[in-house]
Structure formats: structure tokens, C-alpha cells
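Chains as they are written, first to last, in UniProt numbering: chain A, 1 to 352; chain B, 1 to 352. Comments concern the structure below.
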DNA sequence: GGGCTATAGGAAACCGGTGTCATTTACAAG
DNA sequence: CTTGTAAATGACACCGGTTTCCTATAGCCC
């Protein structure tokens, strides 16, 4: 009696495996077997223990489990992304894959540019002993991070616009092909002077998109003057500057492909500012299909990549641990993007 | 010699506290004291151990720590937010507060509407034994979740548009006041027929914003006809419908306040679709200052709330554990939003 | 120099699970 | 009836830290 724990304390205290074992009249090892769905268990025992677990609302302590198993159940997301919606969609896909597993998702934005970035990532992985990480674009293009993961023995999957790594470590979209398709679409509408707002130098995605653009033009026998290519930084502001330099050309382009939606929105913004009618005088194509693309007027023709599915695939690659084998029968590594046709493209009203 | 571990294995294996103790020639308890900065330690010993820790790159296993300490170091973020940028900004604020602490951030989007939502949240908290959670608007308005947290003994802080809870559990913005200010601004420009795209019924933030709007009108002696209030759901699509019903009135309003930027963007979109000039024929004010507000043309006048600072404050409230005392000397609980004046507001060209 | 206290440091138990291996039980075959 | 075999279960060490309690040593005083 004197040993009795006060009722209110017991109620709030989380039951442990020992409590369950005692209440069910079995050893804790047996409870452990029930939790881990071991096949070598008498059905009656299993049911009895399960009943106690249900009644008490027992949940195994993941820290203890992690410690005993020598691994944990945390998947990290590393990103440095300007595109908030993409990150959220990716997280959604990852969580769909993680649902009903014991894995949890830990998010870590990093600051490219920061001198301590690599150290930040290292301590992120080490501190929590992450099971694996998903690296989002554009930081995924940084090979050093992949090397760091290997060094730390941490599983990783990189998301990106091209195959930067082997299938087990990569989920990629086919930027080049779909940009070529988008460009052919502009050409089919009758455009011949098409400007490009390119992405930042050194970014693989920027290169892929540019190459897709150029290949479609070349294929149609259209020469691309150097001054119809303007560099951007994937930001709205850089898009404004780039667009101004394109529209200052004479004659100006009748269509512009912007390497992402932020910059496409900047093209539209700048056109409006100058009183240029879209799409009548200027057609615009973007890339990403962020929410902004469908919220401006006219809504932007753009490229949508199946980001949720890619996130799910990335997470499944991690937790299935395919990285240890060369079996490719697992999750797909390349996803096809699609051109979404909206109101920002029309045949040119002016021909040069 | 025969007991020697292969060099390559040793290199990749993470050192444990025992390794450090052995290398430093002390007991693991002493190492533990160094880690936890215990004052009763000889300085020489401390330095010796620290040196070994540095050399080996030892990082304490957080799982083991969590187990031994009976608590862990995970802060959960619960959100069901349509506004991706806001979530990211909030995460940034929280991470700033968590930087250089041993806490890690775990994110969980939930689906209001889903029948399993409460169970999802319960298992989210239970499974990882979260140290605390930050609940984002609008789901933060759900009192049941707060009750669940208390029941589970999990610290929590709610973010929102009004004080829904005591200071220790709440970080709020002053929506009502700032919306009144925005409305007074429209009135000062000469607007008298001002429409409202309201937020969803049952949302505290929607109510606060509506009340701020109505109070400013009342204060100026302006009657607000019932048909100049249209209900929205904080989504772009609902904003379109709401705007259409407002613009169908005769005479139509010369200005519209939309309860968030998504819907403000919808007002602009619909106006463009109908060939209504903004801001000449219709002024628009939004709320949130999401990226979209500054990327449409004309850029939207809107309300910006200091979301990063609020996130930081929320995290600090959690980890400082102020919830156990009534000491209010800690983090601020109310943050002031500001009106950002851009190009979507002008004096009316038409007077009725 | 002996006995005292203060204090650094160690031994062992513990947190809540899991792995290994031994033991018990049930049942079929010899 | 004994024995062999497989299934079911338990005892105990262990994961990597922390805490409690105790010991050994040093410094101090008389």
C-alpha cells in the first residue's frame, strides 16, 4: 500500500514495456515480440498482450528503441530553396511515404553562401544520427554534401534536374526534354524571336533547361542571337533585370521562356509595367507550376513536375535501403514533367 | 593484438562515451560531467577530456541522452497551412531560436477535415515523445488540440490572430487593429463603398479581421451594406467567387479588402478578367504579405506580420519552459503587424 | 603526524527497449 | 514410455548515456 503510486501520477505517466509485461503476465521480451510482429508467437499470447497495449494506450519509446537497435528513425530534409511551395509539396510526398512507418521527418533549411554550411549539415546528421537525408534542389547539386553523407555513413537521396548520382541516390526530372517541348510549342505558335531568361551559372538545372531550349531552336533551324539570352538568379528581382535587357532589344522578342516561375512572373510584371500586352504582344512560358503561375493574369503556361510523387519516391528509396544493392527494381528514379498550357501564350501579332 | 578492431571499422564507427573515457584515462561519469558542464571538476581533467572529444569528433548520442534524461529534444510543428511561405518563415524563426541548442525541429502537416486528424496529432506527439509543439494558424484555433497537448503533458505554443490562450501558450498578432488601420487608409483615400472578402466562418483570424474592418467603417460613420460582404475560404478559388459577387453589385465597390493575399490576388485576377483597371477603378488591400503580393501587377498593398520573430518567440517560450510559472518576464506574446503600401490602392475615380 | 572535511572521480544501477541463448512446453515418432 | 524436434517463452546482457552513492585523495587544522 505504501508503495502505491498516486493515482493521478500513474495516469499521466506513460506506461513502459515492463508495465505491459506485468499486466499481461508475460516477460518484456514477449511484449517486444508483439510490438515487432515476430512470427514465433502463440496467437493467444499475442492477443492478450495486444489487449493490454490497447487498454493502456502504450506506445514504445522510440528513443529506447533507437538506442537498442543502433539506428534511429529520423529522415532529414536539407534544402535551401527559394520556392516554398515546392518544399511543402516535397514534404507532403515524403510524409505520404513515411505514413504508417515509424519514421519521422526533420527539416533543415541551410544557407548556401554561409561559411558554416557544411559544418551545419554535418552536425545536423551527426547529432541526431539521422537514418537518411533527402537533399532538395538546388543544393542537391553540391557534390560535397553527398560526399559528406557517405563519409558519415548516412543514406541520402538527391532530388534534381538531371542524374547527378546513381539511381539509388537520385530522383530526377527530365528538365531538358520538357523545356524542349515547351519551346517547340512556342515555335509551333509561330514565334521566331524567343528570349531566354536563364538560371544561374553553375546550376545543373539551369544548364539542363537552357540546353533543352537551345536544342529545340536548333532543331527548328532558328538562330538564337546572344542578346536574346539574359542571365537570372531564379529570383523575382533578377527576373526583372533580365527581362528589361531582353525587352530593350530591337526588335524585342515575341516570346520569352523563363527558367522558373519566379522569373516568369517577373517577365509578366515588367511587361505590364511597360504597357506590353500579354499574351498578344509577348508570350511567356515559365517552369515549376508554383501557385503564383496560376494566380497572375493571364495565368502562366508553365511546366509542372510531379514533385509529390518524387518526394514519395525519394523517401521510399531511403527507407527500403536499396542503396546497398544494385537491384534497380525499386522506386523510379526519373519522373516526367508536363507542359501546362494556360493563357500566357498566343501566336505573335507581329512578325519580323 | 588479436583484439584490435580493423582500422577502417574504427574510423567509421562513432566513438562512444566509453571510448572517450578510455582515451582520456577517466571514467565515463567524468566525461559526462564535462559534457554537461558540471562545475565540480578539476580544470586539468576537463581540458584533457575536451581535447580527446575534439580529436575524436565525438558527439553524444541524443537517443541515449533522451532515454537517460527521460525527455527528448524534439520540437514539433503542427500546421495545416495554405500559405507555404508563412510556414517556411515560421520555421526559420523557430530554427533561429533552436540554433546552438540541442533541439531539433520536426514538422507535421495535418489535414483539417480528416477524421483521423486528432489521432494523427496524438500519435505524432506520443510516438516521438515530443518535448513541445508549435501550432500554426489556422489549426491553432482548434482548442481540442491544446487540450490534447495538456492531456499528453506536452508543452505547446499556439500562433494566431488573437489571444486564444494564456501568454505562456500563445504568440499572437494584432489583426484587428492593423486591419482597422488598413481600412482607415482606404477611407482616407476617399473610398466609401468598400467591399470585404471575409475569411471562413469559425476562424478566429477571419473574425478579428472582419471586426477590424467593420470598426473602422463604423468609426467613420460609413454604413456597410450586407451585400458588400462576401464569404471566402482563404483560397484563391473562393476569392474569385467572392469577388464576382461583389463586382456584380451596383454600384460596385471602389475598393475591396480581402482577408488574405490569396484572395486579394483573386480580386485582382477577377478585375483583370473583367477589364477593370486596378487601382484606378478598384483599389485592393490584402493581408499576409506573401510573395505573391509583391509579384503581381500592380503589387498589392497588404499587411505584413513579423512571422519570423513570432516563430522565434514561440520556440523560446517552449524551450525556456516558462509554462510552469506565471512569470511573464519572458518572450513577448503579442506582435504588431504593419501596413505595407504598394500600388494597388489609389483614390477612387468614381464617386456615388 | 593524525584526524577532519572538502572534493574529484569511480562503481553500479538505471532509462526502455532489443538480441542471444537457454529453457520450457507440446506434440509426433520410435 | 521414451525420445526428438520445433514452437513458445523467459533470463540476462547490452545499447550509450545519466544519476546515486560511495571511495580515495588532498588539504587543513590542532
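Glycine is no exception: its CB is placed at the ideal position from the N, C-alpha and C atoms. The model shown is predicted, which means the values in this text are computed figures rather than measured ones.
> Looking only at C-alpha atoms, which of B:153, B:255, B:289 sits nearest to residue 308 of chain B?
Replying inline: B:289
> How many angstroms separate the CA atom of residue 156 of chain A from the CA atom of residue 109 of chain B?
Replying inline: 23 Å
> Starting from residue 45 of chain B and walking both ways along the alpha helix (DSSP H), at which residues does that stretch end?
Replying inline: 43 to 56
> Can you tell me whether DSSP reads residue 301 of chain B as helix, strand or coil?
Replying inline: strand
> Does the Cβ of residue 2 of chain B have 16 or more other Cβ atoms within 10 Å, making it buried, or fewer, making it exposed?
Replying inline: Because residue 2 of chain B sits at a pLDDT of 37, beneath the cut-off of 50, its placement in the model cannot be relied upon, and the following sentence gives the value as read from the coordinates. So residue 2 of chain B ends up on the exposed side.
>> Let me see if you follow: with CB-CB separation under 7 Å, is residue 106 of chain B close to chain A or not?
In response: yes
> Does DSSP put residue 20 of chain A in a helix, a strand or coil?
Replying inline: helix
>> Whole angstroms are fine: how far does the CA of residue 320 of chain B sit from the CA of residue 208 of chain A?
In response: 48 Å
> Just the Cα atoms here: how many angstroms apart are residue 21 of chain A and residue 71 of chain B?
Replying inline: 23 Å
> In whole angstroms, what separates the C-alpha of residue 287 of chain A from that of residue 292 of chain B?
Replying inline: 16 Å
>> I want to verify the contact list: residues of chain A whose CB lies under 9 Å from the CB of residue 263 of chain B, in sequence order.
In response: None at all; the shortest Cβ gap to chain A is about 10 Å.
> Which same chain residues, not among the five before or five after residue 242 of chain A, have their C-beta less than 6 Å away from its C-beta?
Replying inline: 197, 230, 232
> With 7 Å set as the bound, which would you pick, yes or no: does the beta-carbon of residue 344 of chain A sit closer than that to a beta-carbon of chain B?
Replying inline: no
> Under 7 Å, do residue 350 of chain A and residue 301 of chain A count as touching if we go by C-beta distance?
Replying inline: no
>> Per DSSP, what are the beta-bridge partners of residue 173 of chain A in this structure?
In response: A:335
>> Can you check whether the C-beta of residue 88 of chain B is within less than 7 Å of a C-beta belonging to chain A?
In response: yes
> Where does the unbroken alpha helix (DSSP H) through residue 134 of chain A begin, and where does it stop?
Replying inline: It is not in any alpha helix (DSSP H) - residue 134 of chain A instead sits in the beta strand (DSSP E) that spans 132 to 135.
> Would a C-beta distance cut-off of 7 Å place residue 240 of chain A and residue 266 of chain A closer than the cut-off?
Replying inline: yes
> With a cut-off of 8 Å, do at least 3 Cβ pairs link the segment 44 to 55 of chain B to the segment 119 to 126 of chain A?
Replying inline: no
>> Do residue 184 of chain A and residue 170 of chain A have their beta-carbon atoms positioned less than 7 Å apart in this structure?
In response: no
> According to a CB-to-CB cut-off of less than 7 Å, which residues of the segment 120 to 142 of chain B neighbour chain A?
Replying inline: 126, 127, 128, 129
> Taking the DSSP output, what are the residues bridged to residue 156 of chain A?
Replying inline: A:133
> Just the Cα atoms here: how many angstroms apart are residue 238 of chain B and residue 246 of chain B?
Replying inline: 12 Å
> Do you know offhand how far residue 305 of chain A's Cα is from residue 282 of chain A's?
Replying inline: 25 Å
> With a Cβ-Cβ cutoff of 7 Å, do residue 172 of chain B and residue 312 of chain B count as a contact?
Replying inline: no
> Apart from the five residues just before and just after residue 33 of chain A, which ones in its own chain have a Cβ nearer than 7 Å to its Cβ?
Replying inline: 41
> Helix, strand or coil: which one does DSSP assign to residue 350 of chain B?
Replying inline: coil
> What whole-angstrom Cβ distance do residue 212 of chain A and residue 180 of chain A have, given they're in contact under 8 Å?
Replying inline: 4 Å
>> With H, G and I counted as helix, E and B as strand and the rest as coil, what does DSSP make of residue 163 of chain B?
In response: coil
> How many angstroms separate the CA atom of residue 126 of chain B from the CA atom of residue 59 of chain A?
Replying inline: 7 Å
> From this set, A:80, A:37, A:92, A:16, which residue's C-alpha is nearest residue 56 of chain A's C-alpha?
Replying inline: A:16
> Using the C-alpha atoms, what's the distance from residue 279 of chain B back to residue 244 of chain B?
Replying inline: 17 Å
> Quick one: Cα of residue 337 of chain B to Cα of residue 260 of chain B, how far?
Replying inline: 14 Å
> How big is the Cα-Cα spacing for residue 19 of chain A and residue 99 of chain A?
Replying inline: 28 Å
>> Quick check on residue 257 of chain A: does DSSP put it in helix, strand or coil?
In response: strand
>> Just to confirm my understanding: we take residue 95 of chain A, look at its own chain, exclude 5 residues before and 5 after, and list those with CB closer than 7 Å. What are they?
In response: 105
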